[in-house]
Each structure stands twice: as structure tokens, then as C-alpha cells.
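Worksheet: one structure, shown below.
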């Protein structure tokens, strides 16, 4: 793991694109119905997280804050935490509340867990079948991906605690789906559709496809706008199997396995022909039923587009700055498309980085700019990279988090046969732009 | 409030100064979020685009103010750059002072900025890092100004305090350090000092003043170069533009450099007229007075026929504002000039100064709701049968999810609303918003809903 230290090249970060853990945590909670993250940190932290998520998804996000006074830091802040919890409970009545600690509370040594425990004990009756818990998500370690995964694990743990470890009878025709944070709400929707086309019932957690997809079903609310309801998660423990998409979701899948013996399978990514073939093969076995005609057609169309696109991708070198799981998926798919080189920068360490073809370094956008100047046909990454790509004169394709100033980013699909075709078109067109620019 | 001591809660030119025991508002839990002092400082100083801005803190700190397309300035070699020491868990125990010094060195050697601003954050305060002496050491080694900004997020609950502290840093370390050659100065040099609201705004104000023969020497907390700010003490007049947080800076510049200041805004004809007359008043120059007068008359006459049609369309329409900070008062004059009635203003984080500015711009019949929540504003909108909601920031999702016609003054604008051109843009945007077919379509039921 020596090569995967943080920022090998230098001590500071120049134009960092690492998104803090708490953003991932808050994002994951949006995928649980009637949930409310409460952040215990400086107002700026809360505002920044809300801004990032709202601007990317063009949706309101459920997010509250605990008051921070300077005196809290000396005398402790259990009262503040209690006030915030009290207010949230009485005003919004969330089903799932998570008090999120930041670097600040970590350093001061606030005992959030104890605060929450006391709060829950005092109102045991009123909080029946509701979850209130705490989680430390300091931004001096990890990134969006780890935050999202840790929050999912925490909720799974709590659900297991709520409904008990069971050896209840399993239902073979039900699947738990754990989508990673690199999947858009559109991706999750596509996966749910594919799985249910095999006659399988699917429980998705967190389910961003019904909350951050953008809908007007409920008016303005302070809680999450959709997602999987808490009482439905009870059934999670009697499903036939668990599918995790993205290496970071393995932890949550393992927790479910340990609690009720449900086997799991991790798909690193579902982008690309091979990855999708594997997924369909798995679903055929699991459901013992046939593939719908629609998907047979979609595979044909993907194959044909790959043939059409072969010259566009051939010999190209592409650079990307994304979260580790996203990078791995992209690198596998681009390998399938036959690009010459794929070089990647990740914001934080992850075991999956070793599997990326050429190599991935841990760094910032200054490193990306250096890669770009060494020669690249396309820069893929979050909107933070756009000015750097412009300076280096490389075509830019927004992907990952956050993406600003684009419409329908949260509905873009890049999984399954249809999604891969769509991605192939998007990236291919960007490459064509580069080509026509050169020829001019 | 401590008496007889010179601290930031004591501001002789500020209207809340005479009140006992009332500094900034105490923070409350809930969804109300107004940034932190650190974010305020960063927002105020980031527009000094050729300087490097190094955040000494954890990864999340820089997120609060960097990387949004709206505040990316194409100006100076380091515009759009963000530097962070990104403290990790090892630094949490070992301290980050050495890292900070080396980071400053890295920037100084590789990017050669005219100055480096170093921002303290919550974590570095708790680590008790001696940022001042490191900055001093770095200055000696690399021979460029390294300016510490002390406004960690935990010290307050609003970005206003941070802007004030940024002003302090500028006053102490930047303003007055640069020199102009005599021939570079004109007779009518002014500074614009205020809250930064987009590059476009600044440009259109500078353009407007240039037409009237007034030169802007420096825009403080607006698009500027380090050098310009360092010479800003050579201006003849300071204009405080739509801001209450920078009053300490202009007051201190008045005390130290005898530069008079006045407060004004460029949103709406009446406000522009007022600002121009103030400028004229401070220069005591009959020629300039005449020129300003002619300029105002010419522009207003040009505007009148152009807006006649829009005024007719907008007449009698009612608006409700759900905005925070300066956004809740700077557009009021313009809205009323265009013929809109303002039924109510809901605000969440406005201090007394904002409220008094709201009041002085309103005629009767407007409800002002302090500590307004989302349901309240929607209810008032429906009760008063208003036509349009004007929002800022993330308040936009309230009308959006309720399918209420709205204009987000902080995000939807494609062009500046400042100056005479801004009046045109604002009028077009208001009209365009009301005419959007989507407000009707979104109310239609689906075929299966009967």
C-alpha cells in the first residue's frame, strides 16, 4: 500500500477535489424516507454541504445544524445537541435522525453517542420504531465515498438492532440492492427496473432514485423527499441475497450477511458490456427466469454502437479525477473501448485503486493539470476541474460530484446495456469535439 | 458588550452600537444557515484574484467558498485557484505548523503570487497554532507579504463577522502599503467597498461610473488585484456599496487616511441618483456636478420609453420576498419603481441594520416577518394572492416545490442587475419569469388524474 499515501507529490493541496465525508453521509441519508441529518459543526460546514448537494442535484436537501458557541468548546455542548434533537423531533418528526459529528466535535471530544443515548432513553415511548443515532464524520480523513458507505453501514447496523438478528425464512425472490455513491439517481432507477424485470422484488438502500431524482409529489419539506421507508427495511433481513455496486458498499453487505446469513455479491461497477453481462448472468441464475426482449435488443444496440465508436476511442488517452469506485468502473469500460491510455487521480486512498489499469495516483487537480499537459484527449471529472482543463486546453466532460451548471446530471444513466450506450455517446462526442478542434 | 475597549463589537458608526448587550445574534439550531466567519472572510478576500489564498484547515473548509462557477473570476494568474493544507489525522495530533510553512513555500516558489493570505480555521485554533509567527517567518524567507486572517468558524454564526475580520486584515496589512505615481491618479478616484456579489455587478458599476467620469481605484471584496487594494488609501472618497459588514473598514480608513465615505447602492434609478449625488457632494466640483447631473438625466430619459411597456405589464402585480442579508433590501427600490407591490418580506438572518434598510425603502402595507419559516411564507403568498416570489440562495426550493412563480436573484440572473443596464435586465427577468409557460403547465393534472 506504499504507493497509496495521500498526496505523494507535496504537502498541501492545490485545487483539491476531495469532497468531505459528511457530504457523503448527508447524501446517503437522502435515500431514506423521512430522514434528517443534523450536523454538529461550524455553520460554514453545514452551509457548504447544503450548497454542494443542492447545486449538484438541483434539489433541496434535508439538513439541520446544531448551534455552536465558542463556549461549547470549553463547557461541552450536550445542551446544544439536545436542543437540536428536541427541535427536530417536535417540529418535523423524522423517522431517522442522525447527529453527525465533524472534525471540530472530534477534537473537542464531544460524546455524541452518549448524548443521543440519553435523549433516546428519556423518550423511549415516543421514539418507538424510529431511529436516532450519531456518527462521527471528520473531514480530515476519507472522502465522499467513505462517508456514504459509513453512513449506510451505520443505518444497516441500526436497522438490525431495531428488528433483531433473525433466522427468519428467506424469500428467494427478493434482492437487496446497495448502490454506491458514484451511481446517479437515474442509474439506481435503471438497476431497479432491470432487477424487477426478472420478477424479483428489490429493496434499495439508500434509494436516491425516489428522492433526489426531482419530483413534485410532496411540496416543500424539511425531511428527505423520498427514499426507502424505514419500516420496509425490516424485510431487508429476509431477502434472498444482497447485491452491492461499488467496492465501498461491501461493508454494509457484509453486515447484512453477518446478521441474517444473506449471501452477497459485489459488482465493482455495472458500466460496460462485460460488467453488464456478468450482472445479467447473475440475475438469470438468481431468479431462474428469462431475460426480457427489451434487454436483448439493448445489448444488440450497445454492440453496434461499440463498432461505430471504435475509431473514435482508438489511440486516445483519457485522464480522470473521480472517487475510487467510479475510477475503477470507468477504467474497466474504457479498457473495453480500446483507449490507449487511462490515467487517473483519486482524492483519497482505497483498496480498489490497485485494480485500475494504468495507474492511479492520490492527489489533487494540480496533478491532473500536469497529466493534461503531458498530453491527453479528454479530461473527465467534477466541475472543480473545468478551469484547469481550460488552462491546459483539454476538452472537459463533467462527471462525478459536484457537477454545476448542467441540467439533468442526476438522471444521466451509465449502467446496464442502455446506460453504457448512453455513456459511450457522451464521452465519444466529447472526443469528437477534441478531434474537430484539432483539425480546424 | 464590553465598554471602553476597542473590539469588533464596538463600531461607533454602526446603529446598534448604543444598545446595551447586543452584539451579533446568538446562533440557534435548525435549518437556518448563514455561513461562518471563516466562509465570510474567504468570500471577501477570494476576489483579490492574483493573490494566493491558503486555507489552513481540514478538507471541508475550502469547500465553503471555492469552486462555484459564479464566483470564479477571470482575472489575474491565480483566479479560480484554491490552496488548502488539508490537515489529516496525523496533523491533528502532531500539529500543522511545519506543514503550513512548507505549503507557503511551495506556493511562493511555484506560483510567485504578489501576496499570500493564510486563513486560520476552527481546527488550527484548537490546535493552538501560532499562525502569525509562521507567516512572519515565511515573509522573511520568501520575501513576499504573507497575511494571516483570523476568523475561525467557531467564533460566530454568520459570515458578516468574517467579512469584518477580513476588513481588519486588509486595514492592518494591505491598505496603505502600495504607492501610486502621481500621474496615475486622477481627480476623481473612489473606492467601492462592499459585499461581493458577482463579477458582472462590479464590472457594470465600474463601467457606469467611468461614463460619468469617475474612476474606481479599487473594489474591495470585488474583483481586484492585490496591488490595487494596497493603494486604495490614495482614493478621495469611499463608497460603501450595499453592505453593513464593511462599515468598520471605511470608518477606519476615514480615521487614518481622512477619506470620507457614504453608503449607497446601484440598484434602481432612485438609488443610482442618490449615489451619484453623494459622489458629487464629496468632490465639491461644479464641473463634476454638472456632468453627473447631465449623465443621470440622459440615462433616465433613455430608460423611460424602454421600460414603459414593461411597467404596463408589471403594474399591479404583487411580489413576496423570501430573502436573506442584503438581498432582502437592495432590490426593493427597483421592484417598486417597476410598479410591483411588495406584499411581504420574509427573512431569516437579518440583523437590525438590514431591517432598518428594508423599512426605509418601503411604503405602507408590507408585512415584514423576521424569523420566517417556509410554511409561513407560502401561506402569506397564497393569502395575499401574490404573483411572484423573489428568493435568494437555497430558499428557491420553497417556491419551486410548491410550483409558485419565482425569481432567484442570487442565481437565476444571467446579467448584472446593477446600474441602468441592470434595471433593464431586472425588468426583463421579472417579466420573463411571470410569462414562463411552466407555471401554468405545472398546475395541470395528468391524464390519469381525471
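Chains as they are written, first to last, in the working numbering: chain A, 4 to 443; chain B, -5 to 444. Even glycine gets a Cβ: it sits at the ideal position worked out from N, Cα and C.
Open item on the list: For a quick check, are the C-beta atoms of residue 71/A and residue 45/A less than 8 angstroms apart?
Closed with: yes
Task: CB contact flag (residue 154/A, residue 31/A, <8 angstroms) - done: yes
Open item on the list: According to DSSP, is residue 223/B part of a helix, a strand, or is it coil?
Closed with: helix
Open item on the list: Give me the subset of the region 345 to 369 of chain B whose CB atoms are less than 7 angstroms from a CB atom of chain A, sorted by chain position.
Closed with: 368
TODO: Throw me the rounded Cβ distance for the residue 262/B and residue 155/B pair, which I believe falls under 8 angstroms.
DONE: Incorrect: roughly 29 angstroms between the Cβ atoms, too far for contact.
- [ ] Pull up the distance between the alpha-carbon of residue 301/A and that of residue 421/A, whole angstroms please.
- [x] 6 angstroms
Task: Exposed unless 16 or more other CB atoms sit within 10 angstroms - verdict on residue 235/A - done: exposed
Open item on the list: Give me the residue from 300/B, 232/B, 240/B with the minimum Cα distance to residue 272/B.
Closed with: 232/B
Task: Distance CB(residue 116/B)-CB(residue 90/B) smaller than 8 angstroms - done: no
Task: Environment of residue 395/B [buried if 16+ CB atoms lie within 10 Å] - done: buried
Task: Proximity test, Cβ basis, 8 angstroms: residue 71/A and chain B - done: yes
Open item on the list: Determine, for residue 143/A, whether the minimum Cβ-Cβ distance to residues of chain B falls below 8 angstroms.
Closed with: yes
Open item on the list: Taking DSSP's pairing of strands, which residues face residue 324/A in a bridge?
Closed with: 348/A, 384/A
Task: As assigned by DSSP and simplified to three states, the class of residue 50/B - done: coil
Open item on the list: Which runs of the beta strand (DSSP E) at least 3 residues long sit entirely within the region 88 to 126 of chain B? Give them in chain order.
Closed with: 110 to 113
Task: Straight-line gap, residue 36/A to residue 239/A (C-alpha atoms, nearest Å) - done: 15 angstroms
Task: CA-to-CA distance, residue 398/A to residue 434/A, given in whole angstroms - done: 8 angstroms
TODO: Under the assumption that residue 225/B contacts residue 173/B (Cβ atoms under 8 angstroms), give the Cβ distance between them as a whole number of angstroms.
DONE: 7 angstroms
Open item on the list: Any beta carbon of chain B sitting closer than 8 angstroms to that of residue 506/A?
Closed with: In this structure chain A extends from 4 to 443, so residue 506/A is not present and cannot be described.
Open item on the list: Whether or not the region 222 to 231 of chain A and the region 156 to 164 of chain A are in contact is what I'm after, with contact meaning three or more pairs of Cβ atoms, one per stretch, closer than 8 angstroms; do they touch?
Closed with: no
TODO: May I ask you to list the residues that DSSP assigns as paired with residue 247/A?
DONE: 181/A, 269/A
TODO: Check each candidate in 92/A, 439/A, 100/A and name the one with the smallest Cα separation from residue 380/A.
DONE: 439/A
- [ ] Answer with yes or no whether the minimum CB distance from residue 50/A to chain B is below 8 angstroms.
- [x] yes
TODO: Jot down the residue ranges of each uninterrupted alpha helix (DSSP H) in the region 275 to 328 of chain A, minimum 4 residues, whole runs only, in chain order.
DONE: 276 to 290, 296 to 316
- [ ] Note down, in chain order, every chain B residue with its Cβ under 9 angstroms from the Cβ of residue 133/A.
- [x] Within chain B, no residue comes near residue 133/A; the closest Cβ sits about 19 angstroms away, beyond 9 angstroms.
Open item on the list: Output needed in chain order: residues of the region 31 to 48 of chain A with a Cβ under 9 angstroms from some Cβ in chain B.
Closed with: 41, 44, 45, 46, 47, 48
Open item on the list: At the 8 angstroms Cβ level, is residue 126/A part of the contact set with chain B, yes or no?
Closed with: no
- [ ] Tell me, please, whether the CB atom of residue 402/A is closer than 8 angstroms to any CB atom in chain B?
- [x] no
TODO: Work out the CA separation of residue 364/B and residue 28/B for me, nearest whole Å.
DONE: 15 angstroms
TODO: For residue 342/A, collect the residues of the same chain with a Cβ closer than 6 angstroms to its Cβ; drop the 5 residues on either side in sequence, then sort them by chain order.
DONE: 316, 319, 321
- [ ] Can you grab the Cα-Cα spacing for the pair residue 295/A / residue 194/A, in whole Å?
- [x] 14 angstroms
Open item on the list: For residue 366/A and residue 21/A, what's the separation of their Cα atoms in angstroms?
Closed with: 9 angstroms
Open item on the list: What ranges does the alpha helix (DSSP H) occupy inside the region 279 to 353 of chain B, keeping only unbroken runs of at least 4 residues that lie completely in it?
Closed with: 280 to 308, 321 to 324, 326 to 331
- [ ] Verify the CB distance criterion: does residue 53/B have a CB-CB separation below 8 angstroms to chain A?
- [x] yes
- [ ] Tell whether a beta-carbon distance below 8 angstroms holds between residue 265/A and residue 290/A.
- [x] no
Task: For residue 243/B and residue 438/B, the rounded distance between their alpha carbons - done: 53 angstroms
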